[in-house]
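Asker: Protein sequence lines, in the order shown, are assigned to chains V and L.
Our numbering numbers the first residue of the first sequence as 763 and each following residue consecutively.
Our numbering numbers the first residue of the second sequence as 102 and each following residue consecutively.
Once you've had a glance at the structure underneath, I'll fire off some questions.
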Amino acid sequence: KAGVTQTPRYLIKTRGQQVTLSCSPISGHRSVSWYQQTPGQGLQFLFEYFSETQRNKGNFPGRFSGRQFSNSRSEMNVSTLELGDSALYLCASSLGDRGPYGYTFGSGTRLTVV
Amino acid sequence: SQKIEQNSEALNIQEGKTATLTCNYTNYSPAYLQWYRQDPGRGPVFLLLIRENEKEKRKERLKVTFDTTLKQSLFHITASQPADSATYLCARGGQAGTALIFGKGTTLSVSS
């Protein structure tokens, strides 16, 4: 079956712009989680969506937002980009209810802010 | 806050030896721990999950333990191979519906 698909793979944006990243989970998976990965901080949890509702939220500023659609696809948006937002953004899907389950990650979107 | 720590940033071993990676958690015991492998430029890949009430889990050459007294999980790769070289991540999770929180990882290098 198809894995988790993230688009685009690479993105270069200018400071102050906004960006939208997309994630298509594995068919049947209802939970999508987003993570920011940087060399110094590792994988940091952004938020999780389950059945179109934000179920958990990490400690990131309000410039970071997300949503989930009825087909479980998810998007995350970062407004007013800062240089420090340069990172690999990973999304992961899981069945989401009861569990626990292992997460299936996408290959990520590499965002560079200049 | 609930933390998960992988104290060693890097581990270098020779082919054929057993690699042992450590993961420590703070405060209350998580309901489960998970281990992932990540190769450069790729997303993490799920390896094993162990619940709080399980002492040990095995999968082929992999073994994970969960010690609630020491607040620690150990991840073992037996008969290690150069292909096992990667970053290994430990993650803690609560009951269903809680976020999965990752440690910073340990980069394993297996030399032939």
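Cβ atoms here follow ideal geometry from the backbone N, Cα and C, with glycine treated the same way.
No experiment lies behind these values; they were computed from the predicted model shown.
Just the chain L side, please: which residues come within less than 8 Å of V/N818 by C-beta, in chain order?
Answerer: Numbered from 1 along the first sequence, position 56 holds the residue referred to as residue 818 of chain V. The contacting residues are G198, T199 and A200.
Asker: Quick one: any contact between the stretch 825 to 840 of chain V and the stretch 122 to 134 of chain L, if contact means 3 or more CB pairs under 8 Å?
Answerer: no
Asker: Threshold first: 3 residues or longer. Then list the beta strand (DSSP E) segments lying entirely within the stretch 113 to 143 of chain L, N to C.
Answerer: 120 to 126 and 133 to 139
Asker: Could you say which of V/T769, V/F826 and V/T842 lies nearest to V/G778 if we only look at CA atoms?
Answerer: For this step, residue 778 of chain V is matched to residue 16 along the first sequence. Closest option to V/G778, Cα to Cα, is V/T842.
Asker: Can we say the stretch 112 to 128 of chain L touches the stretch 790 to 807 of chain V, given the rule of at least three CB pairs closer than 8 Å?
Answerer: Verdict: no, contact absent.
Asker: In chain V, what lies closer than 8 Å to L/F167 by C-beta?
Answerer: For the purposes of this step, residue 167 of chain L is taken as residue 66 along the second sequence, with counting starting at 1. What L/F167 touches in chain V: nothing, since even the nearest Cβ is about 13 Å away.
Asker: Please report the straight-line C-alpha distance between V/Q816 and L/G198, rounded to a whole angstrom.
Answerer: Position 54 of the first sequence, counted from the first residue, corresponds to residue 816 of chain V. Position 97 of the second sequence, counted from the first residue, corresponds to residue 198 of chain L. Distance between the alpha carbons of V/Q816 and L/G198 is about 11 Å.
Asker: Considering only their Cβ atoms, is the gap separating L/S181 from L/R162 smaller than 9 Å?
Answerer: Position 61 of the second sequence, counted from the start, is the residue given in the question as residue 162 of chain L. Position 80 of the second sequence, counted from the start, is the residue given in the question as residue 181 of chain L. Yes, the Cβ-Cβ distance between L/R162 and L/S181 is below 9 Å.
Asker: List the endpoints of the continuous beta strand (DSSP E) containing L/K164.
Answerer: Within the second sequence, numbered from 1, the residue matching residue 164 of chain L stands at position 63. Run containing L/K164: L163 to D168, per the beta strand (DSSP E) assignment.
Asker: Let me confirm a value: V/T866 is counted as buried when at least 16 other C-beta atoms fall within 10 Å, else exposed. Which label applies?
Answerer: One-based indexing of the first sequence puts residue 866 of chain V at position 104. So V/T866 ends up on the buried side.
Asker: By the three-class DSSP mapping on this structure, what secondary structure does L/A200 have?
Answerer: By 1-based counting over the second sequence, the position of residue 200 of chain L is 99. In this structure, L/A200 counts as coil in the three-state DSSP scheme.
Asker: Would you verify that the beta carbon of V/G778 is, or is not, closer than 9 Å to some beta carbon of chain L?
Answerer: Mapped onto the first sequence, residue 778 of chain V falls at position 16. No - not a single Cβ of chain L is within 9 Å of the one on V/G778.
Asker: Reducing DSSP to helix, strand and coil, say where L/T111 ends up.
Answerer: For this step, residue 111 of chain L is matched to residue 10 along the second sequence. For the record, residue 111 of chain L in the displayed sequence is Ala; it is not Thr. In the three-state reduction of the DSSP assignment, L/A111 falls in the strand class, which pools E and B.
Asker: In whole angstroms, what separates the C-alpha of V/F807 from that of V/T776?
Answerer: Translated into positions along the first sequence, residue 807 of chain V becomes position 45. Translated into positions along the first sequence, residue 776 of chain V becomes position 14. Using only the alpha carbons, I get a separation of about 24 Å.
Asker: Going along the chain, which unbroken runs of the beta strand (DSSP E) with 3 or more residues stay wholly within the stretch 833 to 875 of chain V?
Answerer: 836 to 840, 849 to 856 and 871 to 875
Asker: Measure the alpha-carbon distance for V/P787 versus V/G858 and round it to whole angstroms.
Answerer: On the first sequence, residue 787 of chain V is found 25 positions in, with the first residue counted as 1. On the first sequence, residue 858 of chain V is found 96 positions in, with the first residue counted as 1. V/P787 and V/G858: Cα-Cα distance of roughly 12 Å.
Asker: Please determine, among V/P823, V/T874, V/F809 and V/G870, the residue with the shortest C-alpha to C-alpha distance to V/C785.
Answerer: Counted from its first residue, the first sequence places residue 785 of chain V at position 23. Cα-wise, what sits closest to V/C785 is V/G870.
Asker: My output table needs one value for L/A192: the three-state DSSP class, helix, strand or coil.
Answerer: The residue labelled residue 192 of chain L in the question sits at position 91 within the second sequence. Judged by DSSP in its simplified three-state form, L/A192 adopts strand.
Asker: Taking 9 Å as the CB-CB limit, is V/Y797 close to chain L?
Answerer: Here residue 797 of chain V refers to the residue found at position 35 when the first sequence is read from its first residue. So yes, V/Y797 belongs to the interface.
Asker: Please identify the residue among V/Q803, V/G804, V/E844 and V/Q780 whose C-alpha is closest to the C-alpha of V/G828.
Answerer: In the first sequence, the residue the question calls residue 828 of chain V occupies position 66. For the set V/Q803, V/G804, V/E844 and V/Q780, the Cα lying nearest the Cα of V/G828 is the one of V/Q780.
Asker: Thinking just about the alpha-carbon of each residue, which of L/Q103, L/E155, L/S213 and L/T123 is nearest to the one in L/P183?
Answerer: Translated into the one-based positions of the second sequence, residue 183 of chain L becomes position 82. The shortest C-alpha separation from L/P183 is found at L/S213.
Asker: Residues bridged to V/G828 by DSSP?
Answerer: Taking the first sequence and counting its residues from 1, one reaches residue 828 of chain V at position 66. Looking at the DSSP assignment, V/G828 forms a beta bridge with V/M838.
Asker: How big is the Cα-Cα spacing for V/R771 and L/Y137?
Answerer: Sequence index remark: in the first sequence, residue 771 of chain V carries index 9 (1-based). Sequence index remark: in the second sequence, residue 137 of chain L carries index 36 (1-based). In this structure, the straight-line span from the alpha carbon of V/R771 to that of L/Y137 is close to 21 Å.
Asker: Please report how far the alpha carbon of L/T123 lies from the alpha carbon of L/E155, in whole angstroms.
Answerer: The sequence position of residue 123 of chain L within the second sequence is 22, counting from 1. The sequence position of residue 155 of chain L within the second sequence is 54, counting from 1. If I take the Cα positions, the gap works out to 17 Å.
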